[in-house]
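These protein sequence lines map, in sequence, to chains X and E.
Residue numbers for the first sequence follow my numbering, so the first one is 139 and each next one is one higher.
Residue numbers for the second sequence follow my numbering, so the first one is 139 and each next one is one higher.
Quick reminder that beta carbons are idealized off the backbone N, C-alpha and C, glycines included.
Number of protein chains: 2
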Amino acid sequence: MMFKRREFIKKTSIAGLMVISLPEIVNAAIPSSTRLKLADSDIILFQGDSITDSGRKKDDSNYNNTTSLGSGYVVQAAGDLLLDYADKGLKIYNKGISGNKVYQLADRWDKDCLEIKPDVLSILIGVNDYWHKHDGKYNGTIEIYNRDFRALLERTKAALPQVKLIIMEPYALKGIKAVDDTWYPEFDEYRFAAKQIAKDYDAHFIPLQTVFDEALKVAPGEYWSADGVHPTLAGSKLIAHAWVKVVKG
Amino acid sequence: MMFKRREFIKKTSIAGLMVISLPEIVNAAIPSSTRLKLADSDIILFQGDSITDSGRKKDDSNYNNTTSLGSGYVVQAAGDLLLDYADKGLKIYNKGISGNKVYQLADRWDKDCLEIKPDVLSILIGVNDYWHKHDGKYNGTIEIYNRDFRALLERTKAALPQVKLIIMEPYALKGIKAVDDTWYPEFDEYRFAAKQIAKDYDAHFIPLQTVFDEALKVAPGEYWSADGVHPTLAGSKLIAHAWVKVVKG
Numbered sequence: 139m140m141f142k143r144r145e146f147i148k149k150t151s152i153a154g155l156m157v158i159s160l161p162e163i164v165n166a167a168i169p170s171s172t173r174l175k176l177a178d179s180d181i182i183l184f185q186g187d188s189i190t191d192s193g194r195k196k197d198d199s200n201y202n203n204t205t206s207l208g209s210g211y212v213v214q215a216a217g218d219l220l221l222d223y224a225d226k227g228l229k230i231y232n233k234g235i236s237g238n239k240v241y242q243l244a245d246r247w248d249k250d251c252l253e254i255k256p257d258v259l260s261i262l263i264g265v266n267d268y269w270h271k272h273d274g275k276y277n278g279t280i281e282i283y284n285r286d287f288r289a290l291l292e293r294t295k296a297a298l299p300q301v302k303l304i305i306m307e308p309y310a311l312k313g314i315k316a317v318d319d320t321w322y323p324e325f326d327e328y329r330f331a332a333k334q335i336a337k338d339y340d341a342h343f344i345p346l347q348t349v350f351d352e353a354l355k356v357a358p359g360e361y362w363s364a365d366g367v368h369p370t371l372a373g374s375k376l377i378a379h380a381w382v383k384v385v386k387g
Numbered sequence: 139m140m141f142k143r144r145e146f147i148k149k150t151s152i153a154g155l156m157v158i159s160l161p162e163i164v165n166a167a168i169p170s171s172t173r174l175k176l177a178d179s180d181i182i183l184f185q186g187d188s189i190t191d192s193g194r195k196k197d198d199s200n201y202n203n204t205t206s207l208g209s210g211y212v213v214q215a216a217g218d219l220l221l222d223y224a225d226k227g228l229k230i231y232n233k234g235i236s237g238n239k240v241y242q243l244a245d246r247w248d249k250d251c252l253e254i255k256p257d258v259l260s261i262l263i264g265v266n267d268y269w270h271k272h273d274g275k276y277n278g279t280i281e282i283y284n285r286d287f288r289a290l291l292e293r294t295k296a297a298l299p300q301v302k303l304i305i306m307e308p309y310a311l312k313g314i315k316a317v318d319d320t321w322y323p324e325f326d327e328y329r330f331a332a333k334q335i336a337k338d339y340d341a342h343f344i345p346l347q348t349v350f351d352e353a354l355k356v357a358p359g360e361y362w363s364a365d366g367v368h369p370t371l372a373g374s375k376l377i378a379h380a381w382v383k384v385v386k387g
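Quick look at the structure:
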């Protein structure tokens, strides 16, 4: 924690923001009308990049345990779900892989999604589609992201017509380490695309950028993310809280 | 999950237990009169054995991150605390070590507790004091557990007169793998001792045995613990929920 706590609190107190709790602020950012109702024995699959992966063990097909779920938002959300819905017999999987862009999800989609037959599929993908391009390591464009993401969902819905979808918004914390002004406005296009895709494919959309922007009113960027992209434990719990809100209402 | 879900639900439905949520059941087991109020910049230290340790990285002095906090109840509680009290600048440490009995906490207490100067100290210790004796690997008795635990708290209060204490009850899930009838009634003495010690040293007491017993009404033992002692992810979140309840009321 490198921030000047006293100054920060003074600033936020002036804005009058300390009177309601952060979970309440996050809840306000996610309309409860979008509630996704879990059913008995639902299989929940989390898919994405390093933010989802978070050091999970790769060579197993296990669920509901910390080794398979990693140390990020998935295990925090899974803890909440397995406690709150202990009577439901949920099976929770994490198949995120660090560095993934949309086309890399597509490459492994049969094995890491369709064969698992999720009832609920949660996808957080897009920051690398931009970031790796920004850093000259990838030639993708917003058009490719858009096209590949839609193709992935078409394929998913064809194989799993009943699947309930959650699409999480790619986010970044401007001014924190890796994320500077050069990201904008181009990175925003990936956020907008994810939102439109969620709408077009009838997915529950979690506005993570809004969630983080709200959280920044309570504690500074470094509290939520070490590099502007990867969440700290506090940031992981923030994402998990937003996710669980979609289910709990 | 090896249990017959349908039968189990039928049984619990007959008992009329499915109408309130598990978090509510847990809350009912912990009187809200025992609330511990967190202050700005509080240092919170979790101490104990493998249940606390949960694979944390040992050779660092870090806090608030998943590597240092392990994958058990500490990281689940820390996630909740860092989100709910994001404005407080909490520092959360885990110094649990697998296999520890009370005397082993004492051996490392200067470095792993007193030097950290916790404002809130949470201790979960005792199952190995009994288990290792039961298995013929340790010669301790309930008298030694009682004496050593009290000496540890005397030493702690002398060095840190203002410290707020939380003592968690050692628990076991009878009939799950390692825990059979031969544990009883002797193991219960360790539970009763911890409760009396908490009372005598003005500590907040978390009745984990009661919490797990209540949880067993909603899902079977294997859902909460793989071997009767070490919690699953669901069990870890259960402990974390009970812990956070003491703080949130």
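Neighbourhood of E:ALA224 in chain X, by CB distance below 8 Å: LEU160, ALA353, VAL356, ALA357, TYR361 and ALA372, in chain order. Within the DSSP bridge table, the entry for E:PRO369 names E:SER363 as partners. DSSP places E:LYS229 within a strand segment (E or B) once states are collapsed to three.
Contact between X:GLY264 and X:TYR322 is ruled out by a C-beta separation of about 15 Å, above the 8 Å threshold.
E:LEU221 places its beta carbon less than 9 Å from that of X:ALA372.
A direct Cα-to-Cα measurement between E:GLU281 and E:GLU162 gives close to 36 Å. Remark: C-beta atoms of E:ILE181 and E:PRO299 do not approach each other more closely than 9 Å.
By the neighbour-count criterion, in which a residue is buried when 16 or more other Cβ atoms sit within 10 angstroms of its Cβ, E:THR320 is exposed. Between E:LYS239 and E:ASP267, the C-beta gap is smaller than 9 Å, which places the two residues in contact. The C-alpha of X:ILE335 lies about 7 Å from the C-alpha of X:ARG288.
Membership of X:GLN185 in any alpha helix (DSSP H) is not indicated; the residue belongs instead to the beta strand (DSSP E) covering 181-186. Taking the Cα of E:LEU183 as reference, the smallest distance to any Cα among E:TYR361, E:TYR211 and E:LYS315 is reached at E:TYR211.
Taking each of X:ASN284, X:ALA316, X:PRO369 and X:ASP273 in turn and checking the Cα distance to X:TYR241, the smallest one comes out for X:ASN284. Just so you know, the alpha carbons of X:GLU360 and X:LEU311 end up roughly 9 Å apart. Under the Cβ criterion of 9 Å, E:GLY237 is not counted among the residues facing chain X. Under DSSP, no beta-bridge partner is assigned to X:SER209. By the Cβ-count criterion, E:PRO308 is buried, with 16 or more other Cβ atoms from all chains shown falling within 10 Å of its own Cβ.
Within chain E, the residues whose beta carbon sits less than 7 Å from that of X:HIS379 are LEU221, listed in sequence order. X:VAL258 is the residue among X:LEU243, X:SER188, X:VAL258 and X:ASP245 whose C-alpha sits nearest the C-alpha of X:TYR231. The closest CA to that of X:ALA297, considering only X:LEU354, X:PHE330 and X:GLU253, is found on X:GLU253. Judged by their CB atoms, E:ALA357 and X:ASP225 are nearer to each other than the 9 Å cut-off. For X:ILE261, the enclosing beta strand (DSSP E) starts and ends at 258-262. Identification of chain E residues near X:ASP218 by a Cβ-Cβ cut-off of 8 Å yields LYS375, ordered along the chain. Within the stretch 173-207 of chain E, ASP178, SER179, SER192, GLY193, ASN202, ASN203, THR204, THR205 and LEU207 place their CB atoms closer than 9 Å to a CB of chain X, listed in sequence order. Look at E:SER260: its C-beta is not under 9 Å from any C-beta on chain X.
The Cβ atoms of E:LEU262 and E:CYS251 lie no closer than 9 Å to each other.
In this structure, X:ASP365 lies near X:VAL317, with their beta-carbon atoms less than 9 Å apart. Beta-bridge annotation (DSSP): X:LEU303 is paired with X:LEU259. Within the same chain, Cβ atoms closer than 8 Å to the Cβ of E:HIS368 are found at SER188 and ILE189, the five residues on either side in sequence being excluded. DSSP, read as helix, strand or coil, puts E:ILE314 in coil. Restricting attention to E:LYS355, E:PRO345, E:GLY387 and E:LYS386, the CA atom closest to the CA of E:ILE377 is found in E:PRO345. At least one CB atom of chain X sits nearer than 9 Å to the CB of E:GLY210. The CB of E:VAL385 never comes closer than 9 Å to any CB in chain X; the least such distance is about 13 Å. Contact between X:TRP362 and X:SER260 is ruled out by a C-beta separation of about 20 Å, above the 8 Å threshold.
Taking a Cβ-Cβ cut-off of 9 Å, E:VAL367 has no neighbours in chain X, whose nearest Cβ is about 16 Å from it.
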